[in-house]
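A.B. asks:
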Amino acid sequence: MLPVQGRKSKLTFQSGLNNNLIRLQSTFNCKQAEEYLNKQGIKSDFLQNKPMALSINLAASILNRLNNAFSFFYFWSPNINVYNKEALLLDSNLYHFCIPECKKVLSNKPEFEKASIFYSDIKNLEALDFQAEQAHKYKIKPSSHFLTDIIHEMMHAIYVNKIYQKYGDNAFSILQNLQNKHFGKKENEVIGDILGKAATEPLNQYHEVFADTFTKAVCNSLDEKDCMPCKNPFDLFKEYPKEFISIIRKIINI
Numbered sequence: 156m157l158p159v160q161g162r163k164s165k166l167t168f169q170s171g172l173n174n175n176l177i178r179l180q181s182t183f184n185c186k187q188a189e190e191y192l193n194k195q196g197i198k199s200d201f202l203q204n205k206p207m208a209l210s211i212n213l214a215a216s217i218l219n220r221l222n223n224a225f226s227f228f229y230f231w232s233p234n235i236n237v238y239n240k241e242a243l244l245l246d247s248n249l250y251h252f253c254i255p256e257c258k259k260v261l262s263n264k265p266e267f268e269k270a271s272i273f274y275s276d277i278k279n280l281e282a283l284d285f286q287a288e289q290a291h292k293y294k295i296k297p298s299s300h301f302l303t304d305i306i307h308e309m310m311h312a313i314y315v316n317k318i319y320q321k322y323g324d325n326a327f328s329i330l331q332n333l334q335n336k337h338f339g340k341k342e343n344e345v346i347g348d349i350l351g352k353a354a355t356e357p358l359n360q361y362h363e364v365f366a367d368t369f370t371k372a373v374c375n376s377l378d379e380k381d382c383m384p385c386k387n388p389f390d391l392f393k394e395y396p397k398e399f400i401s402i403i404r405k406i407i408n409i
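Under our numbering, the first residue of the sequence shown is numbered 156, with each subsequent residue one higher.
(1) How many Å lie between Leu243 and Val260 at the Cα?
(2) Can you give me the start and stop residues for the alpha helix (DSSP H) that Val411 sits inside?
(3) Near Glu308, what residues of its chain come up, given a Cβ to Cβ distance below 6 Å and the 5 sequence neighbours on each side ignored?
(4) Once the 5 residues before and after Lys405 are set aside, which same chain residues still bring their CB inside 7 Å of it?
(5) From Ile305, Gly323, Gln187 and Leu202, pick the residue whose C-alpha is nearest to that of Ala214; which is it?
(6) Which of helix, strand or coil does DSSP assign to Leu249?
(7) Whose C-beta lies closer than 7 Å to the C-beta of Gln180 among residues of the same chain, with five residues either side of it excluded?
(8) Please report the Cβ distance between Ile346 and Val364, rounded to the nearest whole angstrom; I am assuming they are in contact, meaning their Cβ atoms lie under 8 Å.
(9) At which residues does the alpha helix (DSSP H) containing Lys321 begin and terminate?
(10) Out of Asp200, Phe183 and Thr182, which has the shortest C-alpha to C-alpha gap to Glu189?
(11) List the endpoints of the continuous alpha helix (DSSP H) containing Val345.
(12) Taking Cβ positions, are Pro388 and Ser376 nearer each other than 8 Å?
(13) Within the continuous alpha helix (DSSP H) that includes Asp284, where are the two ends?
(14) Just how far apart, CA to CA, sit Glu288 and Ile409?
(15) Could you please give me the residues that DSSP links to Asn236 through a beta bridge?
(16) In this structure, how does DSSP classify Pro388 when only helix, strand and coil are distinguished?
(17) Could you check what DSSP says for Phe227 in three-state terms: helix, strand or coil?
(18) Pull up the distance between the alpha-carbon of Phe225 and that of Lys258, whole angstroms please.
(19) Could you pull the start and end residues of the alpha helix (DSSP H) that Ser401 belongs to?
(20) Run through DSSP, which three-state label would Lys194 get?
(21) Using the rule of at least 16 other Cβ atoms within 10 Å of the residue's Cβ for burial, across every protein chain shown, is Pro384 buried or exposed?
(22) Going by DSSP, what residue range makes up the alpha helix (DSSP H) through Asn175?
(23) For the candidate residues Thr182, Phe230 and Asn175, whose alpha-carbon lies nearest to that of Gly196?
(24) Where do the N-terminal and C-terminal ends of the alpha helix (DSSP H) with Leu119 fall, by residue?
(25) Of the choices His362, Gln203, Asn193 and Asn325, whose alpha-carbon is the least far from that of Ile313?
Given below as structure tokens:
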């Protein structure tokens, strides 16, 4: 991970964001962050957006550390992009997203590979934090941590890559079938109680439940002082009812 050190300061936010990170966002080196990811085989273009470069760098480092410990969170994406809405060829309502198949996404770029990630052009970490807080407050998303949306898209890439690793040439048809595969009323009641409303939507529900489940687990494991893991993320699963564990097994063993 690129250094994200700063002077000790009083924590003033409830969702993982602290004054050290707020100060760092104005001086963070986007070029070095892109080079760091490039060494891992991940192309990136942050459009010189320092807050997003910092957030993405933190999230990727968190997953790398967790994967070293648990061999479950292997994160790789062919491309990570911060984009301007004007260049988006897809639905203009999209915010942050990961593509499950190769496609043309931005007007000024060639076709992107599957598991490429796109982040909206957020102006500062405070905005990222506010959005996470509000989504959690109204029980839409499972965590209020400011990195929730960043990690969520990386979890989509992890899930897509797991499916391709398992099914090889047949993975594309599996992903197509998953688009409309969803859970029933009773299962959605359990999902909604644990993950929030967004995870109960039928479109791409297996993807969304996987992403929200493990985003919540990761965010729950992070230290407030340095945003690095300080607990076992799988400990959270001990608190879940057997009905939810059964749902997660279905998703993982697809």
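The C-beta atom is built at its ideal place from N, Cα and C for all residues, glycine as well. Since we're looking at a predicted model, the values are computed, not measured.
C.D. replies: On the basis of the data shown:
(1) Indexing the sequence shown from 1 puts residue 243 at position 88. Indexing the sequence shown from 1 puts residue 260 at position 105. Roughly 6 Å separates the two Cα atoms.
(2) The displayed coordinates of the chain run from 156 to 409. Any statement about residue 411 would go beyond what the structure contains.
(3) For the purposes of this step, residue 308 is taken as the residue at position 153 of the sequence shown. Excluding residues within five positions, the ones whose Cβ falls inside 6 Å are His251, Cys253 and Ile272.
(4) On the sequence shown, residue 405 is found 250 positions in, with the first residue counted as 1. Counting only Cβ-Cβ distances below 7 Å, and skipping sequence neighbours, we find nothing.
(5) As a position in the sequence shown, residue 214 is number 59, starting the count at 1. Per the Cα distances, Ile305.
(6) The residue you call residue 249 lines up with position 94 of the sequence shown. If DSSP states are grouped into helix, strand and coil, Leu249 belongs with coil.
(7) In the sequence shown, counting from the first residue as 1, residue 180 sits at position 25. Within the same chain, Gln180 has close Cβ partners Lys205, Pro206, Leu209, Asn279 and Leu280.
(8) Along the sequence shown, one-based indexing puts residue 346 at 191. Along the sequence shown, one-based indexing puts residue 364 at 209. Approximately 6 Å separates the beta-carbon atoms of Ile346 and Val364; this is inside 8 Å, confirming the contact.
(9) As a first step, residue 321 must be located in the sequence shown, where it is residue number 166. Looking at the DSSP string, the run of the alpha helix (DSSP H) that includes Lys321 is Thr303 to Tyr322.
(10) Numbered from 1 along the sequence shown, position 34 holds the residue referred to as residue 189. Cα-wise, what sits closest to Glu189 is Asp200.
(11) Against the sequence shown, residue 345 aligns to sequence position 190. Looking at the DSSP string, the run of the alpha helix (DSSP H) that includes Val345 is Lys340 to Leu350.
(12) Along the sequence shown, read from residue 1 onward, the residue named residue 388 stands at position 233. Along the sequence shown, read from residue 1 onward, the residue named residue 376 stands at position 221. Yes.
(13) Working through the sequence shown from its first residue, we reach residue 284 at position 129. Leu280 to Lys292 is the extent of the alpha helix (DSSP H) around Asp284.
(14) The residue you call residue 288 lines up with position 133 of the sequence shown. The residue you call residue 409 lines up with position 254 of the sequence shown. Taking the straight line from one Cα to the other gives about 32 Å.
(15) The residue you call residue 236 lines up with position 81 of the sequence shown. Paired residue(s): Asp200 and Phe273.
(16) Working through the sequence shown from its first residue, we reach residue 388 at position 233. In this structure, Pro388 counts as helix in the three-state DSSP scheme.
(17) Along the sequence shown, read from residue 1 onward, the residue named residue 227 stands at position 72. Reduced to three states, the DSSP call for Phe227 is coil.
(18) For the purposes of this step, residue 225 is taken as the residue at position 70 of the sequence shown. For the purposes of this step, residue 258 is taken as the residue at position 103 of the sequence shown. Spanning the two alpha carbons is a distance of roughly 32 Å.
(19) As a first step, residue 401 must be located in the sequence shown, where it is residue number 246. From DSSP, the alpha helix (DSSP H) with Ser401 extends over Lys397 to Ile407.
(20) As a first step, residue 194 is located in the sequence shown; it is residue number 39 there, counting from the start. Reduced to three states, the DSSP call for Lys194 is coil.
(21) For the purposes of this step, residue 384 is taken as the residue at position 229 of the sequence shown. Classification for Pro384: buried.
(22) For this step, residue 175 is matched to residue 20 along the sequence shown. Segment Asn174 to Leu179, the alpha helix (DSSP H) holding Asn175.
(23) For the purposes of this step, residue 196 is taken as the residue at position 41 of the sequence shown. It is Phe230.
(24) One cannot answer for residue 119 here, as it falls past the ends of the chain, which runs 156 to 409.
(25) Here residue 313 is taken as the residue at index 158 of the sequence shown, counted from 1. Out of His362, Gln203, Asn193 and Asn325, His362 has the C-alpha closest to the C-alpha of Ile313.
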